[in-house]
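First residue of the sequence shown: 276, per this note's numbering; consecutive thereafter.
Remarks on the structure that follows.
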Amino acid sequence: MAQAVPLDDAEMGQVWGQAMMELTNTSAGGQDFSRITLNADVALSANFKEMQLGKYNAAIEGTGYDIDIKALQFGRNPDVVPVGGDAVKDRVVRITNPYFEFVYKNGSDSATREVIGMRMGFQGIDGYLGTQIRSLSGSVKADIAGVPVVTTTTTTDPDTGVTTTTTTSTPTVMAFDSGTGTKRSDGTAAGTINPVLLSTVGEFKLGNADGATRDFFIGVQSQDVTYPTVAGVDAPTAGAGFWLNMRDRVSGTVGDMPANQLRPAAAVKW
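Now the structure itself:
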């Protein structure tokens, strides 16, 4: 049976390791932050329905929800299943070092200290995210494929005088960017670069050839909060209420949300 034994400084110098959990405390902008990071790799395949967060009727934000998503899927069924195996890479979303972070004001004064927000995020996330978005509060940047460019051409026959109007729709890739963020938007908000109706985007791809997406988080705050950098990537200030951020190495596709039929745990390998 193993026993704990004392180690002197020289012996301790020969020992190294990594804790399962890491606690980091920082301060910025008059706010204090405590981040709990799980040093873990996670393979996730999950489906969520009717994800509605932040219902209140503040005059400046209108009615409804801060985040209103009819369906949200982590992972997808592969387009092609190889003979004798599974296309596991598409089936799961791969998460690295998930974390929870709390933000306080008056953190040094136990009498007036107050939690004003928290977020859940990942230092890395790579995979397919199926979506049916009604409205969203947050900051999203993505190259969206399949956005149609509509061209209308009108011609008049010189002999008959008949005018014919022809409309063509050509799919393209469009750089969508909600900038510093929007509140309860369908993606067409003023100030958005290349507005896209988010309800038509059936899938986002997180991560690319350069690596995983490093700035994905969902937070809730009682006031605007600028969270600390994660994995070297800054994020815009998160607005009061519920807020979603994904801007780093993100792409998407207009169309139907792909199927994601879950498999028994024993059948999924990473």
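Built from N, CA and C at the ideal position, the CB exists for glycine as well.
Exercise. Would you say T488 and M449 are within 8 Å of each other, going by their C-beta atoms?
Worked result: no
Problem set entry | Within 8 Å, strictly: CB atoms of R388 and Y379 | yes
Exercise. Quick one: what's S410 bridged to in DSSP?
Worked result: BP columns for S410 point to D343.
Problem set entry | Cβ shell of D283 (< 8 Å), same chain only, five flanking positions each side left out | none
Exercise. Can you round the beta-carbon distance between N372 and F397 to whole angstroms, since I take them to be within the 8 Å contact cut?
Worked result: About 7 Å; that satisfies the 8 Å criterion.
Exercise. Is L282 helix, strand or coil by DSSP?
Worked result: coil
Exercise. Should the stretch 423-442 be regarded as contacting the stretch 465-477, the criterion being three or more beta carbon pairs within less than 8 Å?
Worked result: In short, these stretches do not touch, since the Cβ pair count stays below three.
For this session: Would you identify the three-state DSSP class for D499, choosing helix, strand or coil?
Result: coil
Problem set entry | Assigned secondary structure, L216 (DSSP; H/G/I helix, E/B strand, else coil) | Because the chain here runs from 276 to 545, residue 216 falls outside it and cannot be looked at.
For this session: Assign G392 to one of two classes, buried (16 or more other C-beta atoms within 10 Å of its C-beta) or exposed (fewer than that).
Result: Taking a 10 Å sphere around the C-beta of G392, we find 16 or more other C-beta atoms and assign the residue as buried.
For this session: Confirm, please, whether the CB-CB distance from T431 to A441 is below 8 Å.
Result: The residue asked about is misnamed: residue 441 is Thr in this sequence, not Ala. In this structure, T431 does not lie closer than 8 Å to T441 by Cβ.
Exercise. Out of curiosity, what's the CA-to-CA distance linking P533 and G454?
Worked result: 27 Å
Exercise. Under the DSSP definition of a beta bridge, which residues are partnered with W518?
Worked result: In the DSSP output, where bridge partners are listed per residue, W518 has G494.
Exercise. In chain order, what residues of the same chain have a beta carbon less than 8 Å from the beta carbon of V390, not counting five sequence neighbours either side?
Worked result: So the qualifying residues of the chain are F377, V378 and Y379.
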